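What follows is a single structure, written as structure tokens, with notes after it.
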Amino acid sequence: MKSVWGEDALEFKPERWITENGTSVHEPSYKFLAFNAGPRTCLGKEVAMMQMKTVAVKIIQNYNIKVVEGHKVEPAPSIILHMKHGLKVTVSKRCLV
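So for the sequence shown, the numbering used here puts the first residue at 2; every next one is plus one.
Right under this line is the structure:
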């Protein structure tokens, strides 16, 4: 992961994908193995990215999500995207009053 995203790859830094004027930073397609790159880029990539963002927003709006204490969060580089040790979290419904 560090070879692709840099030495601070495992740190939460949303500013790495947002420019100073608030637009998204362009990342080369080859960094997202799930969609391939070049002339063989997945045709559904844009739909998948939009759906992923929509689902993420709805989950974050409606639930509190916390990583289980002591659980090691480590991505596993692969053709499919997954965590090396899974991702153990607790999920609780937000009180939307």
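By construction, the Cβ of each residue, glycine as well, lies at the ideal position given by its N, Cα and C atoms. None of these values were measured; they are calculated from a predicted model.
| Item | Value |
| --- | --- |
| Under 8 Å: do the region 91-98 and the region 60-71 share three or more Cβ pairs, one atom per stretch? | yes |
| For Leu11 and Cys96, what's the separation of their Cα atoms in angstroms? | 30 Å |
| Between the C-alpha atoms of Lys46 and Val98, what's the straight-line distance to the nearest angstrom? | 36 Å |
| Which residues share a DSSP beta bridge with Ile66? | Val92 |
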